[in-house]
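J.: Numbering (the working numbering), first residue to last: 47 to 269.
Cβ atoms here follow ideal geometry from the backbone N, Cα and C, with glycine treated the same way.
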Amino acid sequence: MKKCPYCLIEVGGNPEKCPLCQSRLTGEGEEAYFPVRDTLKFMSFLYKMQMFIVLSVVIVGLGLDFLFGIRLPAYPNLHWSLILAMWLLVAEFVLLRQFRPGTGSAARRVTIMVFLIILMLLVTAYFFDFMWLAWDWMVPIVIAAMGTANLVLAFLDKHGNAMAYLLSGLFFGLIPCIVRYFIDEKMPVAWMICMIIALVLFAGVIIFKGRAVAHELRRRFNL
Ligand SMILES: [Zn+2]
């Protein structure tokens, strides 16, 4: 038995640290209760390694930009390192949430990720001057991809609330198309494709999951 010198408890097996206070245990251990998971340790190492590389890139980027004044030739007044840092830090945040249990269903994570991507895309487009490309092409493609991913999740994830995210995702896929049409009667090709995909997905959901849709709507709107 090992002992914790602070909590004065005995701990079975052969752990290194006290389960209560995380202090180093003293005394002789016995045969370990739980096997050591080498793959898990290696995954954890890889995860730390990528985080170290990403944070190094962010720090070096900020240094080159702000301290050495190195700018992109086409955008001499733009602090490019801030945009780079935004993308990398948000990617780390998303990755961190993937590995934390109890942060919601897969559909919820997909939806949050997509909204973050759209937001960052628009910020980047604003500073790099490709707003029309982002809004007319990239955003509808991302929204259509989100609808497709949520449809798959609605079939796979029996206990999650993929259905709710799928329905609201399809809804948000239609709104921008319609608004755009009323503003200038123009609908970029990608938005039209996005709308068609949303409608096809919606038809698929009604046909295959009609009862679940009705249940979800009743539950959400207290019908
Ligand atoms: Zn202790």
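Select from F248, P51, V104, H261 the residue whose C-alpha is nearest the C-alpha of L197.
T.: The count along the sequence shown starts at 1 and reaches residue 197 at position 151. Nearest of F248, P51, V104, H261 to L197, Cα basis: F248.
J.: If I measure Cβ to Cβ from G107 and keep anything under 8 Å in the same chain, skipping five residues before and after, which residues do I get?
T.: Locating residue 107 in the sequence shown gives position 61, counting from the first residue. Hits under 8 Å: W126, S127, L130, A131.
J.: Thinking C-alpha only, which one of G215, Y121, L135, K87 is nearest V103?
T.: Indexing the sequence shown from 1 puts residue 103 at position 57. When only C-alpha atoms are compared, the closest one is L135.
J.: Which class does V57 belong to by DSSP, given the choice of helix, strand or coil?
T.: Taking the first residue of the sequence shown as 1, we reach residue 57 at position 11. Correct three-state label for V57: strand.
J.: What does the shell around ligand 1 hold, if a residue joins when its beta-carbon is under 6 Å from any heavy atom?
T.: Residues with a Cβ closer than 6 Å to any heavy atom of ligand 1, in chain order: C50, Y52, C53, C64, L66, C67, S69.
J.: Here's a check: name, in chain order, each residue in its chain whose Cβ is nearer than 8 Å to the Cβ of V169, leaving out the five neighbours to either side.
T.: Numbered from 1 along the sequence shown, position 123 holds the residue referred to as residue 169. For V169, same chain residues with a beta-carbon under 8 Å away, outside a window of 5 residues either side, are I129, M132 in chain order.
J.: What residue ranges within the region 138-214 form continuous alpha helix (DSSP H) runs of no fewer than 4 residues, ordered along the chain?
T.: 152-174, 185-202
J.: Going by other Cβ atoms of all chains shown within 10 Å of its Cβ, with 16 needed for buried, is C64 buried or exposed?
T.: Residue numbering aside, residue 64 sits at position 18 when the sequence shown is read from its first letter. So C64 counts as buried.
J.: Inspect the beta-carbon positions of V259 and M209 and report whether they are closer than 8 Å.
T.: As a position in the sequence shown, residue 259 is number 213, starting the count at 1. As a position in the sequence shown, residue 209 is number 163, starting the count at 1. Their beta carbons are under 8 Å apart, which means V259 touches M209 by this criterion.
J.: Just to confirm, are D111 and S151 a CB contact at a threshold of 8 Å?
T.: Translated into positions along the sequence shown, residue 111 becomes position 65. Translated into positions along the sequence shown, residue 151 becomes position 105. For D111 and S151, no; Cβs fall outside 8 Å.
J.: Could you say which of A78, V251, M233, I229 lies nearest to G215 if we only look at CA atoms?
T.: Start at 1 with the first residue of the sequence shown, and residue 215 comes out as number 169. Measuring from the Cα of G215, the nearest candidate turns out to be V251.
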